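Inspection log for the structure reproduced underneath, given as C-alpha cells.
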Amino acid sequence: SDGRSDAEALYARLTQGVEAEAAETETPSLVTAAPSSTTASLLGWEDLGDAWALDSDAFFLGKLLALSAFLAYLVKYTPPLIPGSIVDGWAGAGDGVHSGAAALVIVVPTLLNCAKWYQRSQEGAEFVGDI
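Just add 1281 to the spot in the sequence shown (first one is 1) and you have the numbering used here.
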C-alpha cells in the first residue's frame, strides 16, 4: 500500500473527524461520515494517543523524555527572566488573589473535562478503553 495515502487518511481522520478505513485493495480509500457539529470542539490530551499510536515504544519514550527535559528547563530558567515589576505586583496581590489563581488551576480543567464527557454522552458515542 501507499504510505503517503495512509498518512493522509490518518491526518484527515484526526483533524476533520472523518472515519478512515483501509480498503481491501492496494490503495486505501476514505469512507467519510458526516461529523456532528460538536465532534471536534472539545479535544482532550488523551486524543494525542491517536496521533502518537503509530510511534514505536522507544520513540514515544524519547518524546516523553524530551518533553520532560524541556519543561524542567523552562521551570528552572524562566523565573529569572520575568521582570521585577511583575514579580513584585504578584507578591503584593494578596492571599485572596493567590488562592483564586490556585483554585482556577484546578476548577477550569475539571470543568473542561466535565464538558467533554457530557458532550460525548450526548452524541451517543461508544466508550472504549479503561473507564
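All residues carry an ideal CB built from backbone N, CA and C; glycine is no exception.
Only a predicted model underlies this, so the values are computations on that prediction, with no experimental measurement involved.
If we ignore side chains and look at the alpha-carbon of each, how far apart do residue 1346 and residue 1331 end up? Taking the first residue of the sequence shown as 1, we reach residue 1346 at position 65. Taking the first residue of the sequence shown as 1, we reach residue 1331 at position 50. Looking at the two C-alpha atoms, the distance is approximately 19 Å.
Taking the continuous alpha helix (DSSP H) assigned at residue 1396, which residues delimit it? Residue mapping note: residue 1396 aligns to position 115 of the sequence shown, counting from 1. Element bounds for residue 1396: 1376-1403.
Three-state secondary structure (DSSP) of residue 1335: The residue you call residue 1335 lines up with position 54 of the sequence shown. It is coil, neither helix nor strand.
First and last residue of the alpha helix (DSSP H) that includes residue 1365? Taking the first residue of the sequence shown as position 1, residue 1365 is located at position 84. Unbroken alpha helix (DSSP H) run through residue 1365: 1365-1372.
Just the Cα atoms here: how many angstroms apart are residue 1344 and residue 1393? As a first step, residue 1344 must be located in the sequence shown, where it is residue number 63. As a first step, residue 1393 must be located in the sequence shown, where it is residue number 112. Going by the C-alpha atoms only, they are around 26 Å apart.
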